[in-house]
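**Q** Quick note, the sequences are listed as chains A and B, same order.
For the first sequence, the UniProt record's numbering gives the first residue as 1, with consecutive numbering after it.
For the second sequence, the UniProt record's numbering gives the first residue as 1, with consecutive numbering after it.
Backbone N, C-alpha and C define an ideal beta-carbon position, used for all residues, glycine too.
It should be emphasised that the depicted structure is a prediction, and the values quoted were computed from it without experimental measurement.
Sharing a structure here in structure tokens format.
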Amino acid sequence: MTMINRALNFLFWAAPALVILLLMGPLLAGLLGVGAPALGYFPALGGVELTVDYLHKALHVPGFWHSVHLSIWIGLATTLISFVIVIGFFAAFWDAPLFGKITRFVSPLMSVPHAAAAFGFAFLFAPSGWLIRLLSPWATGFDRPPDWLIINDPLGYALLAGLVLKEIPFLFLMSLSAASQINVDQRLKLARSLGYGRIWAWITVVMPALYRQIRLPIFAVIAFSSSVVDVALILGPNLPPSLPVQILRWMNDPDIEMRFVAAAGAVFQLGATLFALLVWRFLEIVCSYLMRQMQAKGMRHQNDGAVRALFSLAMLTIVLISLASLIILGIWSLAGYWRFPEALPRTLGLNRWMDNASYLWGPTLNAVNIGVAATLISVGLTLICLENECRHNIRLTQKALRLIYLPLIVPQIAFISGISILLVRYGLDGSFWPVTLMHVVFVFPYTYLALEASFHDLDPRYMQTATALGKSQNRIFFHIKLPMLLRPILTALALGFTISVAQYIPTLLIGAGRVPTITTEAVALASGGDRRLIGIYALVQTLLPAIGFVLALALPKLLYPNKIYFAKQQER
Amino acid sequence: MADHSLNLKDLTISLGDQVLFHLNAEIKAGEVLTVMGPSGSGKSTLLNAISGFLSPRFTCQGQIMLDGEDITHKDPSARHVGLMFQEPLLFPHMSVEENLLFALPRGGSKQERCEKVREKLRAVRLEELGARDPLTLSGGQQSRIALMRVLLSNPKALLLDEPFSSLDVDLRSRVRQFVFTQARENQLPVLMVTHDQADAEAANGPIINLLNHK
């Protein structure tokens with residue numbers, strides 16, 4: 001008994017160091033694995049001299065600057081549009097009935113993997129997509145798909161739209177949880193009673209506090225959308241593609257020398273994302289200056305009816321498009337013969353599901369295994385770290401949080417390509433545990449953020465009561481804290497699983513193609529264009545996280561039937 | 001039953017350079033010492049010091065003696081000081097009986113332990129509550145169960161932190177009588193922090209105001 005206790009105490013003591021090692025180790029190794037070959041040094045591939053040749057080579061690939069420009073532009077535009085729509089909607093409809101209704105739709109949308117959302121978007125808006133089918137031929141006169149380049153357009157508008165569709169639910173939920181930590185209602189009442197219009201009141205008194213809380217998630221959105229690969233493979237431009245896709249092509253080039261060029265490309269990707277972050281920082285400074293100017297003038301902006309209508313329209317459109325994307329995925333997965341421009345397939349059936357069941361099974365099982373293992377490790381480490389903070393009476397500062405967020409702010413393609421080079425060198429690529437541990441790096445930040453508030457908000461007097469009853473800290477952790485936090489823990493597990501299932505680049509590069517998951521398989525179908533098959537894979541990809549969230553909702557009731565405590569939490 | 005006693009010898013709590021209070025007190029078995037004072041005078045700090053939850057921001061000098069043993073710097077889980085707060089704080093994920101079993105010190109078979117708990121409940125005529133979800137109990141019932149929970153852990157002293165202020169007036173005097181009777185029967189020294197003059201009078205023991213102990 002004391003042995004176990006001592007081991008546990010040691011674990012709690014060592015946890016923060018372990019986490020830092022687990023998060024920072026891969027990051028540093030990856031940057032090293034990219035930096036050295038970019039400068040020509042990688043003995044295993046015959047590079048023993050430092051040289052800037054490969055950086056030059058990357059620069060002189062046709063269309064390179066266009067690729068860089070695409071990445072920066074997509075990163076900034078996605079973030080700006082998503083941010084404005086989310087904040088605008090919060091400002092216009094906080095405490096209105098519409099807000100609650102939209103929240104109910106937006107929360108589940110967060111769990112839809114990027115790739116699935118992108119496929120749904122393509123099926124909806126392609127020239128032969130559902131939208132044009134619904135409008136043809138009665139409104140458009142088309143009896144053949146028009147020859148328009150909507151998806152994969154060279155300027156990346158489709159990619160931009162697909163990303164906005166996914167980043168809005170993310171920023172929405174982040175803002176929602178941030179809003180619960182600042183007393184929004186009180187601030188609003190004060191400003192409104194001073195005669196400020198609804199939106200302007202929100203922007204002047206709530207947003208500054210809220211923005212501080214969602215700043216890191218916003219940076220994560222910039223980094224993600226400027227370096228995204230899976231959505232870009234589905235919706236993005238082809239000739240030239242955006243920079244991250246270009247890097248992936250170089251990595252897959254049979255010519256071994258192109259590995260060095262890929263590493264050089266990754267260094268430019270780091271630069272591109274950093275540039276996008278700096279531009280955003282500059283925008284922050286300009287906006288806060290303008291805000292202060294306007295506030296000092298005492299503007300009230302009371303007539304904001306038109307703006308409110310605009311934001312409700314924008315948000316409703318986003319929700320409708322997202323829902324329609326999921327529906328069209330479902331329709332295609334069941335579709336039999338479907339001629340353009342008919343609005344629906346003539347027959348629906350499960351034949352394609354049956355035919356592909358045996359191929360689906362392996363990748364699905366891989367995704368579930370990796371997801372469950374990575375999530376359990378992440379949530380376990382999160383709880384141990386939080387308990388450790390509790391015992392030593394510390395709370396992480398914003399600065400420390402930045403460290404946890406770092407893996408989400410450094411572009412995946414840039415450092416994971418470096419890790420994969422190292423793993424190949426030591427023959428560790430293409431197996432279960434490296435992929436799983438790589439997932440932990442991206443899952444942990446989310447599970448930590450999801451659990452932090454509930455863990456610290458637990459009434460300390462419960463623990464004091466138990467201590468006074470003579471219970472050890474370890475016993476209290478397992479018998480009081482964990483069960484009382486059952487619901488937030490399950491939610492964090494479901495969230496972590498969602499994040500893991502959606503990972504494309506870590507799975508592809510660390511798995512070296514030998515650990516196929518439902519996500520890597522789905523994205524691989526993008527170039528084929530078999531819509532029925534894509535529909536099936538994307539739907540399975542969407543269903544996995546959904547099942548996780550349903551379990552998270554149902555389990556407390558099954559484990560603790562008739563306990564008012566858990567029923568009450570559900571109402572909230 | 002052993003004769004318990006709680007002894008505060010030259011207990012001085014300070015925050016930085018500022019002394020919150022300086023206290024000498026002896027509480028004999030079955031006696032209730034009432035501590036009063038406006039908010040900010042250090043009432044909860046005193047309770048935290050005795051129960052072992054004093055924040056490291058404070059410095060604590062002097063001695064806290066429980067049954068003649070110095071517990072000033074002892075681990076809170078080894079002090080055997082029972083705590084009752086304003087809210088009963090029954091663990092919401094356990095049944096009433098599980099709450100009580102959790103408090104009972106280790107040892108004995110499951111059956112023996114359950115029997116001990118039921119016996120305790122029978123003695124105060126609350127046996128029908130055992131299987132209930134604590135959140136379905138009335139405020140008065142929750143307070144009584146919370147006290148039973150503390151007593152089952154075999155404390156050597158009892159600290160009460162405004163224990164009756166969440167109850168309405170009617171219930172208050174009854175629960176109060178119940179708590180004091182139980183403490184006396186178990187020969188426990190009691191330290192009670194309260195705002196309420198009626199609590200202090202009912203305690204029928206010495207009263208100190210922390211403001212006079214700067």
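1. For B:Leu33, name the three-state secondary structure that DSSP assigns.
2. What residue range is occupied by the uninterrupted alpha helix (DSSP H) comprising A:Gly470?
3. Going by the CB atoms, is the gap between B:Met192 and B:Thr45 shorter than 7 Å?
4. Between the alpha carbons of B:Leu121 and B:Ile145, how many angstroms are there, rounded?
5. Could you tell me which chain A residues have their CB closer than 9 Å to the CB of B:Pro76, listed as they occur along the chain?
6. For the region 118-181 of chain A, which segments carrying the beta strand (DSSP E) assignment without a break, of at least 3 residues, lie completely within its bounds, in sequence order?
7. Quick one: using the 10 Å Cβ neighbour count with 16 as the cut-off for buried, is B:Ile27 buried or exposed?
8. What residue range does the alpha helix (DSSP H) around A:Ile384 cover?
9. Go to A:Val540, then tell me how far its alpha helix (DSSP H) extends in each direction, as first and last residue.
10. Say whether chain B places a C-beta atom closer than 7 Å to the C-beta of A:Arg461.
11. Measuring CA to CA, which of A:Glu342, A:Met174, A:Pro146, A:Pro411 is closest to A:Tyr504?
12. With DSSP as the reference, label B:Ser5 as helix, strand or coil.
13. Could you run through the region 124-153 of chain B and flag, in chain order, every residue whose CB is less than 9 Å away from some CB of chain A?
14. Below 9 Å on C-beta distance, what does B:Val19 contact in chain A?
15. Using a beta-carbon distance below 7 Å, is A:Lys471 in contact with chain B?
16. Check A:Arg572 in the structure and name its three-state DSSP category.
17. Under 7 Å, do B:Gly42 and B:Phe58 count as touching if we go by C-beta distance?
18. Going straight from the alpha carbon of A:Pro154 to that of A:Pro241, what length do you get?
19. State the Cα-Cα distance for the pair B:Gly30 and A:Leu553, rounded to the nearest angstrom.
20. Note down the Cα distance separating B:Asp133 from A:Tyr560, rounded to an integer number of angstroms.
21. Using a Cβ-Cβ cut-off of less than 7 Å, list which residues of the region 15-42 of chain B approach chain A; keep chain order.
22. Could you name the residues that DSSP lists as bridge partners for A:Ala335?
23. Considering Cα atoms alone, identify which of B:Leu54, B:Leu188, B:Ile64 is closest to B:Leu23.
24. Using only the alpha-carbon positions, how far apart do A:Leu495 and A:Ser107 sit?
25. Whole angstroms is fine: what's the gap from A:Arg572's alpha carbon to A:Phe260's?
26. Which residues, taken in chain order from the region 41-57 of chain B, show a beta carbon closer than 9 Å to some beta carbon of chain A?
27. Report all residues from its chain with a CB closer than 6 Å to the CB of A:Val205; omit the five preceding and five following residues, and keep chain order.
28. Given that A:Tyr157 touches chain B, what residues does it touch there, using C-beta distances under 7 Å?
29. For chain A, is any of its Cβ atoms less than 7 Å away from the one on B:Ala202?
30. Could you confirm whether any beta carbon from chain A is found closer than 7 Å to the beta carbon of B:Gly108?
31. Just checking, does the region 107-114 of chain B make contact with the region 472-486 of chain A on the three C-beta pairs under 8 Å criterion?
32. As a quick exercise: from A:Thr382, A:Val435, A:Val84, pick the residue whose alpha carbon is nearest that of A:Pro488.
33. Using Cβ-Cβ distances below 8 Å, what residues of the region 532-565 of chain A are close to chain B?
34. Give the interface partners of A:His479 over in chain B, defined as CB-CB distance under 8 Å, in chain order.
35. Using a cut-off of 8 Å between C-beta atoms, extract the partners of A:Met484 located in chain B.
36. Could you spell out where the alpha helix (DSSP H) holding B:Thr181 opens and where it closes?
**A** Short version:
1. In the structure shown, B:Leu33 sits in a strand (DSSP, three-state: E or B).
2. Counted as a single uninterrupted DSSP element, the stretch harbouring A:Gly470 is not any alpha helix (DSSP H), since DSSP gives it neither H nor E.
3. No, they are not a contact pair.
4. Approximately 8 Å, taken between the alpha carbons.
5. Within 9 Å Cβ-Cβ: Gln464, Thr467, Ala468.
6. Considered as a whole, the region 118-181 of chain A harbours no complete run of any beta strand (DSSP E) with no fewer than 3 residues.
7. Buried is the call here.
8. Note, A:Ile384: alpha helix (DSSP H), 351-391.
9. For A:Val540, the enclosing alpha helix (DSSP H) stretches over residues 531-559.
10. At least one chain B Cβ lies under 7 Å of A:Arg461.
11. Looking at A:Glu342, A:Met174, A:Pro146, A:Pro411, the one whose alpha-carbon comes closest to that of A:Tyr504 is A:Pro411.
12. In this structure, B:Ser5 counts as strand in the three-state DSSP scheme.
13. Answer in chain order: Asp133, Pro134, Leu135, Thr136, Ala146, Arg149, Val150, Leu152, Ser153.
14. Residues of chain A whose Cβ lies closer than 9 Å to the Cβ of B:Val19 do not exist, since the nearest Cβ in that chain is about 23 Å away.
15. True, the Cβ-Cβ gap to chain B drops below 7 Å.
16. Because A:Arg572 sits at a pLDDT of 48, beneath the cut-off of 50, its placement in the model cannot be relied upon, and the following sentence gives the value as read from the coordinates. Of the three classes helix, strand and coil, the one that applies to A:Arg572 here is coil, per DSSP.
17. The criterion of a C-beta distance shorter than 7 Å is not satisfied by B:Gly42 and B:Phe58.
18. Roughly 8 Å separates the two Cα atoms.
19. A straight line joining the alpha-carbon of B:Gly30 with that of A:Leu553 spans about 49 Å.
20. Each residue's Cα considered, the two are about 11 Å apart.
21. Within the region 15-42 of chain B, no residue places its CB atom closer than 7 Å to a CB of chain A.
22. As computed with DSSP, A:Ala335 is found in a beta bridge with A:Leu348.
23. In terms of Cα proximity to B:Leu23, the closest of B:Leu54, B:Leu188, B:Ile64 is B:Ile64.
24. Answer to the nearest angstrom: the Cα atoms are 11 Å apart.
25. Residue placement at A:Arg572 is poorly supported in this model, since its pLDDT is 48, which falls under 50; the coordinates still yield a value, given next. Distance between the alpha carbons of A:Arg572 and A:Phe260: 53 Å.
26. Here the close residues are Asn48, Ser51, Gly52, Phe53, Ser55, Pro56.
27. Closer than 6 Å at Cβ, skipping near neighbours: Arg187, Ala191.
28. By Cβ distance, chain B contributes nothing, its closest Cβ being about 51 Å from A:Tyr157, past 7 Å.
29. Closer than 7 Å: no.
30. Chain A, which has no Cβ nearer than 7 Å to the Cβ of B:Gly108, makes this no.
31. Between the region 107-114 of chain B and the region 472-486 of chain A there are fewer than three inter-stretch CB-CB distances shorter than 8 Å, so the stretches are not counted as touching.
32. For A:Pro488, the nearest C-alpha among the options comes from A:Thr382.
33. Those would be Tyr560, Asn562, Lys563, Ile564, Tyr565, in chain order.
34. Per Cβ cutoff of 8 Å: Phe102.
35. Contact annotation for A:Met484 against chain B: Phe91, Pro92, His93 [CB-CB distance below 8 Å, chain order].
36. First-last of the alpha helix (DSSP H) with B:Thr181: 169-185.
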